[in-house]
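First comes the structure, then the notes that go with it.
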Amino acid sequence: MPTALSQNGVAASKSSKTVDACVTSEAAGSVKSRLTYSTRTSNRNEIRVGRESKPDQGLSYGDVALEALRKWQHRTKPAQIDAHFGTSMSFRELLLQTMYATEGFKAMGLKPKDVVALVSRNYHEVFPAVLGAVCAGLSVACVVPSGTKAEMQHALNLTQPKVVITERDRIQTVMDAYPGAKHVILSGEAPEGVETFLNVLRMGEGVEPRPDPATYRAVELADRSQHVPFILYSSGTTGQRP
1 MPTALSQNGV AASKSSKTVD ACVTSEAAGS VKSRLTYSTR TSNRNEIRVG
51 RESKPDQGLS YGDVALEALR KWQHRTKPAQ IDAHFGTSMS FRELLLQTMY
101 ATEGFKAMGL KPKDVVALVS RNYHEVFPAV LGAVCAGLSV ACVVPSGTKA
151 EMQHALNLTQ PKVVITERDR IQTVMDAYPG AKHVILSGEA PEGVETFLNV
201 LRMGEGVEPR PDPATYRAVE LADRSQHVPF ILYSSGTTGQ RP
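Under full-length UniProt numbering, the sequence shown has 14 at position 14, and the numbering climbs by one with no breaks.
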């Protein structure tokens, strides 16, 4: 069964807890810090920011991500590293690709509250694709990429995505399981009828007026408290007939 993670979060209890966490690195040794998280249930749109964990009613998930990327865009350390291929992506690159992905998804005709499914392992392209979808006001349904055709079909039928984003090795299984959507592959050459994520970025970069990273904002949502940015599936066979 999918679990909708709204901008209020999904909570199991009505308490707030503070936990200790250890962050360890070879250079700095062990550094102890306090992490605060809230598990209060609420119908309000509430994102907590900063050390004081104060609620901020004026930000969406997309705007939080964009503000962070703008703040860190001049850092010399990479935002993410692909150890397998020996490549990296800077915060500036991640900011630009997030913007272009947002505009690219809009150019594909996607509108707020539409669902896109992600069926992929971890690649460089995953983060700008997901952040771009969130900034476009879409709901991202995360489907395990190792599933069989029947398992994918069941998961995708539950959320009815208009676009399925996947990796090259899984595209045929995804198309067989759910042929009714548009399909986008994260990298590599696309088969006939399939879009590449690179082309989605190009569509977004080519819009007029061109997105400005200094001022770019996520799509304004009519009611953020009713918006579901992520749909997460539980394990097991809940909801399936034997």
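Backbone N, C-alpha and C fix where the C-beta goes; we use that ideal spot for every residue, glycine too.
* Asked: Under the DSSP definition of a beta bridge, which residues are partnered with H183?
  -> In the sequence shown, the residue the question calls residue 183 occupies position 183. H183 pairs with V164.
* Asked: Between the C-alpha atoms of F85 and T102, what's the straight-line distance to the nearest angstrom?
  -> Position 85 of the sequence shown, counted from the start, is the residue given in the question as residue 85. Position 102 of the sequence shown, counted from the start, is the residue given in the question as residue 102. Distance between the alpha carbons of F85 and T102 is about 26 Å.
* DSSP three-state call for A65: helix, strand or coil? -> In the sequence shown, the residue the question calls residue 65 occupies position 65. Note: A65 maps to helix in three-state DSSP.
* **Inter-residue CB distance, A117 and T159 (contact presumed, cutoff 8 Å)** => Reading the sequence shown from its first residue, position 117 is the one you call residue 117. Reading the sequence shown from its first residue, position 159 is the one you call residue 159. Indeed they touch by this definition, with Cβ atoms about 7 Å apart.
* Asked: Which residue or residues does DSSP assign as beta-bridge partners of D82?
  -> By one-based count along the sequence shown, residue 82 stands at place 82. Looking at the DSSP output, D82 bridges to T87.
* Should P209 be labelled buried (16 or more other beta-carbon atoms within 10 Å of its own) or exposed? -> Taking the sequence shown and counting its residues from 1, the one referred to as residue 209 is at position 209. Counting Cβ neighbours within 10 Å, P209 comes out exposed, since fewer than 16 surround it.
* Helix or strand or just coil, what does DSSP make of residue 246? -> Within the shown structure, residues of the chain are numbered from 1 to 242, placing residue 246 beyond reach of any answer.
* To do: Answer yes if the region 183-192 comes into contact with the region 141-151, meaning at least three C-beta pairs across the two stretches below 8 Å, and no otherwise.
  => no
* Tell me whether T148 sits in a helix, a strand or coil according to DSSP, three-state version. => If you number the sequence shown from 1, residue 148 lands on position 148. Reduced to three states, the DSSP call for T148 is coil.
* **Simplified DSSP state of T196, which is helix, strand or coil** => In the sequence shown, residue 196 corresponds to position 196, counting from 1. Of the three classes helix, strand and coil, the one that applies to T196 here is strand, per DSSP.
* So what does A177 bridge to, in DSSP terms? -> Numbered from its first residue, the sequence shown carries residue 177 at position 177. In DSSP, A177 forms no bridge with anything.
* Between the C-alpha atoms of H124 and L95, what's the straight-line distance to the nearest angstrom? -> Looking up residue 124 in the sequence shown gives position 124. Looking up residue 95 in the sequence shown gives position 95. Each residue's alpha carbon lies about 13 Å from the other.
* DSSP bridge partner residues for V116 (one or two, in chain order) -> Position 116 of the sequence shown holds residue 116. The partner list for V116 (beta bridge, DSSP) reads V140, V163.
* Asked: Can you tell me the Cα-Cα spacing of Y216 and M99, whole angstroms?
  -> As a working note, residue 216 is residue 216 in the sequence shown. As a working note, residue 99 is residue 99 in the sequence shown. Taking the straight line joining both Cα atoms gives about 8 Å.
* Under the assumption that P213 contacts R121 (Cβ atoms under 8 Å), give the Cβ distance between them as a whole number of angstroms. => Residue 213 sits at position 213 when you count from the first residue of the sequence shown. Residue 121 sits at position 121 when you count from the first residue of the sequence shown. In this structure P213 is not in contact with R121, their Cβ atoms being roughly 28 Å apart against a cut-off of 8 Å.
* Is the beta carbon of L138 less than 9 Å from the beta carbon of P229? -> Residue mapping note: residue 138 aligns to position 138 of the sequence shown, counting from 1. Residue mapping note: residue 229 aligns to position 229 of the sequence shown, counting from 1. Contact flag set, yes.
* To do: Leaving aside the five residues before and after M203 along the sequence, list all residues of the same chain whose C-beta is less than 6 Å from its C-beta, in chain order.
  => For the purposes of this step, residue 203 is identified with residue 203 of the sequence shown, where counting begins at 1. Counting only Cβ-Cβ distances below 6 Å, and skipping sequence neighbours, we find G104, A107.
* Indicate the three-state DSSP secondary structure (helix, strand or coil) for R217 in the structure shown. => Here residue 217 refers to the residue found at position 217 of the sequence shown. Collapsing the DSSP output to three states places R217 in coil.
* **Cutoff 6 Å; reference A218; Cβ partners in own chain excluding five residues on either side** => If you number the sequence shown from 1, residue 218 lands on position 218. Closer than 6 Å at Cβ, skipping near neighbours: S60, G62, D63, C135.
* Does the beta-carbon distance from residue 331 to A177 come in below 9 Å? -> Absent from the structure is residue 331, since the part of the chain shown begins at 1 and ends at 242.
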